[in-house]
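In the numbering used here, the protein residues as written are 57 to 545. For reference, the structure is listed below as structure tokens.
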Ligand code: GLN
């Protein structure tokens, strides 16, 4: 049952071939079996799941089924869930139980989903391998004996979906945290347009970049998930009044039948070193798109290689401000000190992990009066230029494609320096700086049998077309990412 996509499962529920309770039990059994080993959940909520499922079965019985009724999902543990602990994978929030529900998780309740639990992630979503989690890193189910990363920061979300421990999951993407982990696990994910999905009730990392979005096994499932999450929210001042995205899971082709589509390739990325496999698969997919009638054009985003440097100034700057609230006074961890200042110090030293502390130090430094102009303002200018260049590029093409990463998933025990980790975000951060939608979709399997992904990038609020093109790529690549196939069981 766990090999069903959302679309297939919904059809079987509608025809009463299976019940939501049976489906949920299948997932709970699988979590019981593999949850510890994969470490993809921080908290599992079996009782909640079964009561959600029972309510769902009732709605199917009386003909009031909701759009995603009975779909067992994992919620990244960054979304506040009423009465269910929400940790952001940090010791600071280890015992934090919110008294409110984030807008995104509320929307999934309203869509009829079943909550299986809270997915593991990098601490406060800062990282690329999910290794900065206070609860230990999740494991990639692909070749799991090799203990590869499921990517980060939404690594618990991707590990759970790829392994069949959730039918789909939520993620957040500040600099690549939906796309990179999706690519590492053979899944589809989209970082939607900034402002399409509400950030309200989502633990903040870098507010001008943080973007909630879905992760699923197919492009159509991803569209169904996004349809549930998207929408304007008065509680989030950056939520757009244009925030609309609806899909019934059927994506219209944008290629074939003489359809015209101009697809851009970013010139500056041509000189970036990537694996032979990535190169080959990317070129194969481009050739496929061409044969379907796409016109391929080269576009230039002159400052795109500076996006990393700008991101690693802006994101820590915002993080240092956002994380100032964890002072031991209001909620979260508190370590008593000799006086107020000492309590702050002891609480923050004990509550935050190394990477989070590093970001706050960098952030505080770049915002200091001596550095503000040369670092922060300069980064803000680079950000503006990148956004403008994307706008000009989209005068020459309708969508852009590029790799999601240089290579396949690496072992969790890889010994990389912080800078080497940061460099892995090269292909993803620019889209966050520009606020534009970008999806990662599998483009094939490398020689070592591991999946690789490529991105489809669009204009602001062109999320639908991004997914429409992603579906063509998915079909052309046609990798088998069924959980039982990946896990061999
Ligand atoms: N890897 C990036 C970072 O560490 C992106 C993280 C994210 O998107 N949340 O900041």
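Just so you know, even glycine gets a beta-carbon here, dropped at the ideal spot from N, CA and C.
Take the alpha-carbon of residue 477 and the one of residue 231: they are about 12 Å apart. Residue 180 and residue 144 do touch by the CB rule: their CB atoms are close to 5 Å apart, below 8 Å. If you compare the alpha carbons of 419, 388, 394, 266 with that of residue 404, the shortest gap goes to 388. With a minimum length of 4 residues, the unbroken runs of alpha helix (DSSP H) contained wholly in the stretch 326-401 fall at 332-347, 363-378. Closest in C-alpha terms to residue 510, from the list 524, 416, 483, 536, comes 483. Remark: the C-beta of residue 261 is in contact range of the ligand GLN, defined as less than 7 Å to any heavy atom.
Here the alpha carbon of residue 205 sits roughly 26 Å from the alpha carbon of residue 379. The shortest C-alpha to C-alpha distance from residue 61 to any of 227, 278, 201 is the one to 278.
When DSSP states are grouped into helix, strand and coil, residue 203 belongs to the coil group. Residue 278 carries a helical assignment under DSSP once its states are collapsed to helix, strand and coil. Counting only residues of its own chain and dropping the five nearest sequence neighbours on each side, residue 530 has a CB closer than 6 Å to the CB of 275, 497. Judged by DSSP in its simplified three-state form, residue 474 adopts helix. DSSP lists no beta-bridge partner residue for residue 159. Restricting attention to 465, 445, 210, 532, the CA atom closest to the CA of residue 492 is found in 445.
Relative to the ligand GLN, even the nearest heavy atom lies 7 Å or more away from the CB of residue 239.
Residue 65 and residue 127 have their alpha carbons spaced roughly 8 Å apart. The continuous alpha helix (DSSP H) containing residue 237 extends over residues 235-240. For residue 314, the shortest C-beta to heavy atom distance toward the ligand GLN is 7 Å or greater.
In its chain, beyond the 5 residues on either side, 135, 226, 253, 254, 258, 268, 285 have a beta carbon closer than 7 Å to the beta carbon of residue 160. The three-state secondary structure of residue 462, taken from DSSP, is coil. Note on residue 374: 16 or more other CB atoms within 10 angstroms of its CB, so buried under the neighbour-count rule.
Counting along the chain, no beta strand (DSSP E) covers residue 503, and no H or E run does either. Contact check for residue 440 against residue 182 fails: the beta carbons are separated by 8 Å or more. Across the structure, residue 486 and residue 538 are spaced so that their CA atoms are roughly 31 Å apart.
The three-state reading of DSSP puts residue 216 in helix, counting H, G and I together. Counting only runs of 4 or more residues that sit fully inside the stretch 112-197, the alpha helix (DSSP H) segments are 159-166, in chain order. With a contact defined as Cβ atoms closer than 8 Å, residue 246 and residue 523 qualify at about 7 Å. Burial state of residue 470 is exposed, judged by a 10 Å Cβ sphere holding fewer than 16 other Cβ atoms. In this structure, residue 435 and residue 370 form a Cβ contact; the two beta carbons are roughly 5 Å apart against a cut-off of 8 Å. Out of 220, 256, 210, 142, the CA that lies nearest to the CA of residue 235 is found in 210.
Residue 217 holds the alpha-carbon nearest to the alpha-carbon of residue 131 among 77, 217, 109, 107.
The three-state reading of DSSP puts residue 416 in helix, counting H, G and I together. In this structure, residue 465 sits near residue 506, with a CB-CB distance shorter than 8 Å. For residue 99, the uninterrupted beta strand (DSSP E) run begins and ends at 97-100, by DSSP. In terms of Cβ geometry, residue 104 and residue 221 do not form a close pair [threshold 8 Å]. Remark: the C-beta of residue 231 is in contact range of the ligand GLN, defined as less than 7 Å to any heavy atom.
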